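Everything below concerns the one structure shown next.
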Amino acid sequence: MANVVITNHPLIQHKLSIIRNKETGSKEFRTIISEIAMLMCYEATRDLPLKEIEVETPIAVAKQHDLDGKKMAIVPILRAGLGMVDGIHALVPSAKVGHIGLYRDPETLKPVSYYCKMPLDIEERDVIVLDPMLATGGSAIDAITQIKEFNPRSIKFMGIIAAPEGLKALQEAHPDVDIYCAALDDHLDERGYIVPGLGDAGDRIFGTI
Ligand code: PRP
Ligand code: URA
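Positions in the sequence shown are counted from 1; adding 1 to them yields our numbering.
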């Protein structure tokens with residue numbers, strides 16, 4: 002079964018309080034979503050392989066370590082996943098970006114797919130799928146099913162807030178995908194919103210409320 006990591010670092014917890022607050026405006030919300038993604042990227046890339054190299058400092062030769070040619074791709078689920086891209090790129094500027102367009106039908110809560118574009122060399126890359134909200138899990142499950150058709154080397158999922166229902170569904174559907182989240186909330190309400198959550202992430206990022 003997949004690993005689930007809930008990153009309860011104090012900086013992330015502090016930033017979560019700000020984005021949960023309904024008084025936080027779009028500009029600050031966007032900034033903080035990106036900052037949380039950057040901090041979570043640190044955790045999600047902990048297993049990147051290294052190779053030993055030598056570097057000449059002004060004083061002597063130092064035995065150092067470099068990343069061992071591991072290539073990454075990030076795949077935001079539109080729209081809200083876009084808010085996490087800059088934060089990851091700040092740490093891994095070479096990561097290529099694929100896009101998956103999905104929205105959740107408000108009646109059925111099932112994902113409706115409208116776009117999919119992956120980097121051409123995705124078979125050589127390790128993918129991190131980005132979406133701040135893992136509610137029923139339908140969108141993440143569908144996105145990962147689509148990405149698997151392109152045969153990437155590996156797939157991880159990075160969210161910010163998860164509901165227990167979505168976490169369980171994603172683990173069951175894709176037991177090979179490790180999951181990183183900043184918070185595991187209480188439950189889903191009757192409209193499929195995470196409680197306490199932060200509301201509609203896409204609307205808060207793009208100001209479409
Ligand atoms: C939100 C969110 C996830 C999805 C999560 O997107 O960003 O993609 O809902 O819900 P689920 O786990 O039940 O599938 P939404 O459908 O609101 O689209 P948007 O990002 O374009 O607003
Ligand atoms: N999508 C969101 O943006 N928020 C939720 O709470 C659930 C789904």
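The beta-carbon is built from N, C-alpha and C at its ideal position, and this holds for glycine as well.
Predicted model only: the values in this text are computed from it and were never measured.
Three-state class that DSSP yields for H66 in the structure shown:
strand
DSSP-derived helix/strand/coil call for M39: helix
For T209, collect the residues of the same chain with a Cβ closer than 8 Å to its Cβ; drop the 5 residues on either side in sequence, then sort them by chain order.
G203
**Q.** Per-residue DSSP class, three states only, for I123
**A.** helix
As assigned by DSSP and simplified to three states, the class of R192: coil
#### Entry: Touch test, the region 161-168 against the region 128-140, Cβ-Cβ under 8 Å, three pairs minimum
yes
Which residues bound the beta strand (DSSP E) around H100?
100-105
* Asked: Taking Cβ positions, are I142 and I156 nearer each other than 8 Å?
  -> no
Measuring from each Cβ to the nearest heavy atom of ligand 1, keep the ones under 7 Å and list them in chain order.
I78, L79, R80, A81, G82, L103, Y104, R105, L110, P112, D132, P133, M134, L135, A136, T137, G138, G139, S140, A141, G167, G193, D201, A202, G203, D204
> Taking C-alpha atoms, which residue in L189, V128, P94, R154 lies nearest to R138?
Replying inline: One point to set straight first is that residue 138 is Gly, not Arg, in the sequence displayed. Nearest C-alpha to G138: L189.
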